[in-house]
Every structure is written in structure tokens, then in C-alpha cells.
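Data block below; observations after.
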Amino acid sequence: MNEGPTVFQRRIVIGAGLCVLAFALVGMRLVHVTLLQPLDGSRPALAIAARADLTDRNGELLARDLPVKDLYARPQVFWDKDQAARDLARATGAGEGRLLKGFHNAKSPYVLVARQITPDVEARVMALGLPGLEFEQGAKRFYPDGRNTAQVLGVTDPDGAGVSGLELGLQDALRRAPGGQVATSLDMRVQFIVADELAKARAKFRANAAGAIVMDVKSGEVLALVSLPDFDPNLRKILEGDSTRNIMAQDVYELGSIFKIFTFAMALEDKTVRPDEVLPTPPGYKIGRFTIREAHHMPSAMAAKDILAQSSNVGTLQIALRSGGARQREFLSSLGLLSPLKTNLPETSRPLFPTRQWATAETATVSYGHGISVSPLTFTAALATVVNGGRRIVPTFARQADGSDRRGEQVVSEATSLKMRDLLRYVVTNGTGRNADVVGYDVGGKTGTAEVPGPNGRYIRNALRSSFAAVFPAHNPRYVVMVLMDQPKATKDTFGFATAGYTAAPQTGRIIQRIAPLLGVPNTAPPTRLAGGNS
Amino acid sequence: MVRVLNFFCVALMGLSILGLYHVSEKTRVTQVELARVERQIAQERTNLSVLETEWQHVASPERIQRLAVARLGMADNASVQLASFDMLPRRGAGEDSAPLNNAPIRNASVQVPGHAQPAAPEAAQAATPVAHTSISDLITDSGM
Chain P
1 MNEGPTVFQR
11 RIVIGAGLCV
21 LAFALVGMRL
31 VHVTLLQPLD
41 GSRPALAIAA
51 RADLTDRNGE
61 LLARDLPVKD
71 LYARPQVFWD
81 KDQAARDLAR
91 ATGAGEGRLL
101 KGFHNAKSPY
111 VLVARQITPD
121 VEARVMALGL
131 PGLEFEQGAK
141 RFYPDGRNTA
151 QVLGVTDPDG
161 AGVSGLELGL
171 QDALRRAPGG
181 QVATSLDMRV
191 QFIVADELAK
201 ARAKFRANAA
211 GAIVMDVKSG
221 EVLALVSLPD
231 FDPNLRKILE
241 GDSTRNIMAQ
251 DVYELGSIFK
261 IFTFAMALED
271 KTVRPDEVLP
281 TPPGYKIGRF
291 TIREAHHMPS
301 AMAAKDILAQ
311 SSNVGTLQIA
321 LRSGGARQRE
331 FLSSLGLLSP
341 LKTNLPETSR
351 PLFPTRQWAT
361 AETATVSYGH
371 GISVSPLTFT
381 AALATVVNGG
391 RRIVPTFARQ
401 ADGSDRRGEQ
411 VVSEATSLKM
421 RDLLRYVVTN
431 GTGRNADVVG
441 YDVGGKTGTA
451 EVPGPNGRYI
461 RNALRSSFAA
471 VFPAHNPRYV
481 VMVLMDQPKA
491 TKDTFGFATA
501 GYTAAPQTGR
511 IIQRIAPLLG
521 VPNTAPPTRL
531 AGGNS
Chain D
1 MVRVLNFFCV
11 ALMGLSILGL
21 YHVSEKTRVT
31 QVELARVERQ
41 IAQERTNLSV
51 LETEWQHVAS
61 PERIQRLAVA
71 RLGMADNASV
81 QLASFDMLPR
91 RGAGEDSAPL
101 NNAPIRNASV
111 QVPGHAQPAA
121 PEAAQAATPV
131 AHTSISDLIT
141 DSGM
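Chains as they are written, first to last, in my numbering: chain P, 1 to 535; chain D, 1 to 144.
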């Protein structure tokens, strides 16, 4: 007899089936949770960091968010509000008057005592044993290299937003990766050397201000930018004598004779002059009712290359007049000298140049760097364009790949660029730039000394702005260096001169001497046989 | 048979409940432990971050130079190139082709004239000691 399962048996089977199904589901879930669900292996970002670190091109730390705390108080729980205000003011450095006013103000349940307190201040506050104190975790931007990088890196506000320098310029990248790293083009070693040399030079010549830039001519990477006076970015206070103004990017100057580089580049490009061509150089050159004079005595006639080497205004203006004002304006514009420079640095400036008319007088004065004002950073970029093979380069403060070539359109021909390198080397070997020469590093460059205009627009007598623009190695350029000193004073060592050849040029040489070995620039000096050596 | 099956199912259910509870409890404890370890890791990372920053500060070129001058009596001499790779003999080249054989050699102790000599030991002793600074000293209170 084949009787089917009873109702009771069927129910048991169904129940058992449901149990098996339930256990199967639990088992599947267990397998999923324990074996299949991937573990979160990514490193959690630092809870305190609101911004990424800033590093130099070699990964050295330039800026980082560090943990600090904001201290709040609930004054209604204090037994003695006056005593609490006194104790907290002493422990944190906060204003006692402000705390007293806040504690006695019935409308505010919370009073901010101090922001961004350090662990030792926190310990002092805890030792007071006051009730009603609350700490809120926060972050403070810290700059390990302090003043050395202050002007170029800038600072953040207490809420962690960039307010100047690369902190503002690279804001988006820094906020995209909190706890990560954003690499800049700066080289801390070079930045320190430039800052060190510039500080010494500023003290020696008692200059009002000084600045320097080191830039790669092919990638446009700025390896160092220093502007003095500076400030301590970790203090968040501007002390006496400090300044937050980046004179190399924010200010425009009449740079004087270093502008002759562009006049010669234009003339060589237009083939209106040959380096060996002899031109008359009288003591004065009359244009309309103005007479343009030399800054110092010159021979009555000079070869064009000596006009640049000895920095003759009269010779240079004659060369510029051969090309004419319209061409000069077009040429300077093609080098980017007539428009604001756009880089990662938010600090920028609009060049000043003749806008109403660019006639003979303007052409003449612009040819030797007067009547036109540009920022030193703009000038450095234009110089790099002239010597890097003639292709436009825009400075960048973001790290580029090693050996990268960011050169753009051809502005001057390769041939002109080669001739300009020779001429700049000639200025250092035979001209006003002798004090910038560094044995073995083939330095080329040009001096520039301009009088400083006063508040009434007239030039101040004996107030000079000295600058030196260098390129090294001159015959295969890798870097340009620009040094500027505002109103340096003559010393006994400079024989009473405060011109660029005695102030900015030797400092540029010192900078190149120290940074060239670090940057791997080969020294081409012929080996010397030592007396008594075992050769 | 049915009873055996029922007993087996109930026993299996009981064991599963116990097992599941055990796993659940173990998971909870592990999660607590994980959270504790993660907090510890985050704290260590924060400490590491502070230490890295402090290291960067104490190893900055400016401080090293100051210490080298004050404690070691070193002076800021210009660097001199001693040799270049071009001067090295090529591998497998004959003796005649080895450039080092006849090339003049530059002395490692050469001084560039016109620069400061190292300070005398007495001067180094008398130099102001450079105090150690910690990161706490540097993260100053911004005031209000």
C-alpha cells in the first residue's frame, strides 16, 4: 500500500524546508560578510587635515595642517566669573577684558576663549580645573621653513582658507586632497640659499627691499622666489619691519638697463644691427626738447656688443629707433611684457607702459628700460623666452615631470637666441657684469640700474634700484636668475658705487656659485695643475 | 523517523542559534577592537604628522647652517668641482686612452680665495648656543 504523506508530515517537511532555507540565507550572508565583503584597506585621511600638505619638488614638507584646539567656555557654570577670566587669560594669552565682557553677557551661552591653542596651553588650561570648558578639535597651518618661504607660499586664515601666495593659488588642489600632498616647483635648498644670500646682501647694502627668482628656462618651473622684507607665517602677526608684499610678483618697476636685452634681441631678430657694427655714442642724444645722456662716460664710438656690455643708453636707443616704436611695442608684447602674467601665484600686476603715444621719445626711453614698468617675475619669464631657443615660456609654481619642456610658440628665432646668449656672456666677461662671473659656470647676464621715482614723479637723486638678470650656463641655458635690490647704499668695498655691477651682480654670482652644484650643472672650468701635485 | 528528523532539525536550529550568537558577539567585540585600533592608528598618524613637521623644522637648511657655524666653527665656503665623469677612464679602454693618467688633478682641500676661513675653536666655543625648539613653541597662539 502506497499511502502518501499525511497533512501533518507535509507540514513538517514544509517547516523543515523553510528552516533550511532560512539557514541557507543566514549562511550565505555569513559567507558574504566574512569572506566576500572587501576590507576597507585605504588609509583614512588625517581627521584634522582640511588641506593637503605643500611640498617642494623633492618632497620636502613646506606646509601642513597640525592638530590644535579651539577653547570655548560656558560662563554660567563658573562660580567666580572674574577669577575664571583672569585665570584663562593668563593661561591662554587671551584678552582679559574681552573674556570678562563675554562672561558677563547673559545673551551668550558660549564664549570663545582662544583659537588654535597648542597642547602645552591646553595642559595649562586643564590644570586650572575650571568646569564648563570645551575644546573643539581644529587644525592650524604650520610652515617648517618659516620666513624663507613666507612670500611665495602665503598663508591661510584661521578657518583654513588660503588668503595669499600658493595657499590661495593652489587652493582647489589643496582642498581636493586633504591629508595628501601637492608638490610645488620650489626647491627648498635653492630657496634657502637665495634667501640667505639675499638677506646678507640686503643687510650689507642697507637696501629697502630685495628679491630674487630662479627659474628653469625650459619647463618654466620657479625653483625659488624670495622677497624681502618678509614675515613669519607661523606667528600670524606682522612685526615691525615685516611686509606681506611680494615685490617680485606684485610690484612693477622701471628696471633700467636690463631691458636692453630685449632691444638687442629685437634688433638681431630684425637684422638691423650686427654685434660688431660700430655706432657713434656721443655723450647726449637730442630727441625733440629732451636730451638723453649716458649714465657714465663712454667712448665716442662703440661696437654694438660693447654698447650692451658697457650699457650705453645712447647706443641702445639708436638701435631701437632703427626698428621703430610700433615694432618695439609688438616685440615686447610678443614676449608677454605688456600684459599681466598669469601663474599659480595669485599676486600679479599690470605692466605700465606708454598708452597714449609710442613715438620716438617713448621708443628711445623704453629701449633702455625707462618709461616702462614690469614685475620682476614677468621680466624673468621674458628673459627665459629669449635665451631658451626663442620660445615663449610661462612660469609655473607646480611641479612638472623631470625634463619636461613647456616652451610654447616661437617668439624669436633660434639664431637670435644663440646670439643673445653670446652677447650676455660677453657682458659678464667684458662688461659691467664682471662681478657676477663664476669660474666654470659660464654665466651670462646684464646689469640694470634705474633711478627711483619719487612721489611727485621726478626721479630721486642717488636713490637707485639695482638689478641683475643672469642665465647659466650661457651657451646651454638651464636656469635664469634675477636679483633686484631697492635703494642699496654704497659701501667702502664698492668704492662708493651702488650700481648693479657692484651690488646685484656679485650677489647673483654668489647665488649661482652655491646653487649650480646642487642643481647638477657641470662645471666646465679647465682642471688646474697643482703645484707639487702628483700629476 | 519523523521524530528523529524533527529532533535533528531542532538540534540543528539550536546549535545554529548558538553558533550565530557566538559569531555575532565575536564580530561585535572585533568591531569594538577595530574601532579602538583605528582610533589609535589615527592618533599615531597625527603624532607622526607632528613629528615629521618637527623633523622638517629641525633639519631645515637654515638651522643646520646656524648650528654648523655656531657649534662646529664651519664657514660658508664656496663649493669647488673636484672632478667630472668625463675625467674617468672608459671601461675596457687601453692605458693610453685613460684620461686620468695624464690629466692634472685638482686638490680636494682647495679654498676659494676671498671667502671667510673657518672660525677658530675659541670662537666656536664662545658662540651663542642654539636652543632646541619644539613644534609646540612654534605653533603659537594666534591670539584673538
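Glycine included, each C-beta is placed from N, C-alpha and C at the ideal position.
With respect to chain P, the C-beta atom of glutamine 56 of chain D has a partner C-beta closer than 8 Å. Separation of asparagine 77 of chain D and arginine 510 of chain P (C-alpha to C-alpha, rounded to the nearest whole angstrom) is 11 Å. With a cutoff of 8 Å on beta-carbon distance, threonine 291 of chain P and serine 367 of chain P are scored as not near each other. At a cut-off of 8 Å between beta-carbon atoms, leucine 88 of chain D makes no contact with chain P. CA-CA distance, leucine 279 of chain P to alanine 381 of chain P, rounds to 30 Å. Listed along chain P are Leu61, Arg64, Leu66, Phe142 and Pro144, each with a C-beta nearer than 7 Å to that of threonine 53 of chain D. For the segment 12 to 28 of chain D, residues whose beta-carbon sits nearer than 9 Å to a beta-carbon of chain P comprise Leu12, Met13, Ser16, Leu20, Val23 and Thr27.
Alanine 84 of chain P is positioned such that its CB atom lies closer than 8 Å to that of phenylalanine 103 of chain P. Residue state for tyrosine 459 of chain P is assigned as strand, using DSSP reduced to three classes.
Following the DSSP letters along the chain, one finds tyrosine 426 of chain P inside the alpha helix (DSSP H) bounded by residues 414 to 430.
Within the segment 161 to 176 of chain P, no residue has a Cβ lying closer than 7 Å to any Cβ of chain D. Annotation: proline 395 of chain P to arginine 202 of chain P spans about 26 Å, alpha carbon to alpha carbon. Between glycine 440 of chain P and alanine 301 of chain P, the CB-CB gap reaches or exceeds 8 Å.
Using beta-carbon distances, leucine 30 of chain P counts as an interface residue toward chain D, with a partner under 8 Å. By the neighbour-count criterion, in which a residue is buried when 16 or more other Cβ atoms sit within 10 angstroms of its Cβ, phenylalanine 8 of chain D is exposed. Between the alpha carbons of lysine 342 of chain P and threonine 348 of chain P lies a gap of roughly 7 Å.
For glutamate 240 of chain P, no beta strand (DSSP E) segment is defined, and its DSSP state is neither H nor E. Taking 4 residues as the shortest admissible run, the segment 90 to 122 of chain P contains the following complete alpha helix (DSSP H) segments, listed from N- to C-terminal end: 96 to 103. Residue contact with chain D for asparagine 148 of chain P: present (Cβ-Cβ distance below 8 Å to some residue of chain D). Going by beta carbons, serine 257 of chain P and glycine 457 of chain P fall outside the 8 Å limit.
Leucine 228 of chain P is positioned such that its CB atom lies no closer than 8 Å to that of alanine 249 of chain P. Taking the Cβ atoms as the reference, leucine 168 of chain P lies roughly 14 Å from alanine 52 of chain P, outside the contact range of under 8 Å. Contact of valine 69 of chain D with chain P is not assigned, every C-beta pair being separated by 8 Å or more. According to the DSSP assignment, aspartate 486 of chain P belongs to the beta strand (DSSP E) that extends over 479 to 486. The beta carbon of tyrosine 426 of chain P lies closer than 6 Å to those of Lys305 and Ala309 in the same chain, with the five residues before and after it left out.
If you compare the alpha carbons of P:Thr508, P:Lys140 and P:Thr503 with that of serine 49 of chain D, the shortest gap goes to P:Lys140.
Contacts with chain D at 8 Å (Cβ-Cβ) include alanine 16 of chain P. Judged by DSSP in its simplified three-state form, tyrosine 72 of chain P adopts strand. Taken atom to atom, the span from the alpha-carbon of asparagine 462 of chain P to that of alanine 75 of chain D is near 35 Å. Looking at the backbone, the Cα of glycine 336 of chain P and that of arginine 421 of chain P are separated by about 20 Å. Around the beta-carbon of histidine 32 of chain P, fewer than 16 other beta-carbon atoms lie within 10 Å, marking it exposed.
Taking a beta-carbon distance threshold of 8 Å, valine 32 of chain D does not count as an interface residue toward chain P.
With respect to chain P, the C-beta atom of glutamate 62 of chain D has a partner C-beta closer than 8 Å. Here histidine 57 of chain D is buried: its Cβ has 16 or more other Cβ atoms, across all protein chains shown, within 10 Å. Each residue's CA atom was taken as its position, placing threonine 363 of chain P and valine 252 of chain P some 19 Å apart. Taking 8 Å as the upper bound for CB-CB distance, aspartate 87 of chain P and glycine 146 of chain P are not in contact here, some 32 Å apart.
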